[in-house]
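Trainee:
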Amino acid sequence: MREIVHIHANQCGNQIGAKFWEVINAEHGIDPTSTYNTCHGDSNLQLNHISVYYNEDTGRKYVPRVILVDLEPGTMDSVYSRPFGQIFRPDNFAFGHDVLHK
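For the record, in the sequence shown the residue sitting at position 73 is 73 according to full-length UniProt numbering, with numbers rising by one throughout.
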């Protein structure tokens, strides 16, 4: 099975990436709590290749395989405050000059 790791960089990349994840979540039936929700569909196709984009966490939570990078923390705050912002792991956010130059 193939797996994709996404890297979103800077303000534009993170904003486009956040929108991308909203669309992918809808296609795979993932709700804002990272849970597969049959209200968004109930198809084996939604779960067949879900591991391409997501890691399955405890409690059948699906976490995007993504790293978000920016020098400004405001962009990360903007992504995290979106409806699907809570699906991202906080430790997958890298921001600030000091973090990026270690």
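Think of the CB as a built atom: it goes at the ideal place given N, C-alpha and C, for glycine as much as any other residue.
When burial is assigned at 16 or more other CB atoms within 10 Å of the CB, is Leu68 buried or exposed?
Mentor: Burial call: buried.
Trainee: Within the present structure, is the beta-carbon of Gly74 separated from the nearest heavy atom of the ligand HEM by less than 7 Å?
Mentor: Of ligands this structure carries none, so the ligand HEM is not represented either.
Trainee: According to DSSP, which residues form a beta bridge with Asn55?
Mentor: Beta-bridge pairing links Asn55 to Val63.
Trainee: Would you call the segment 29–48 and the segment 4–17 touching, i.e. three or more CB-CB distances under 8 Å?
Mentor: Contact fails: fewer than three Cβ-Cβ distances are below 8 Å.
Trainee: Distance check for Pro73 and Ile50, CA to CA, integer angstroms please.
Mentor: Each residue's Cα considered, the two are about 30 Å apart.
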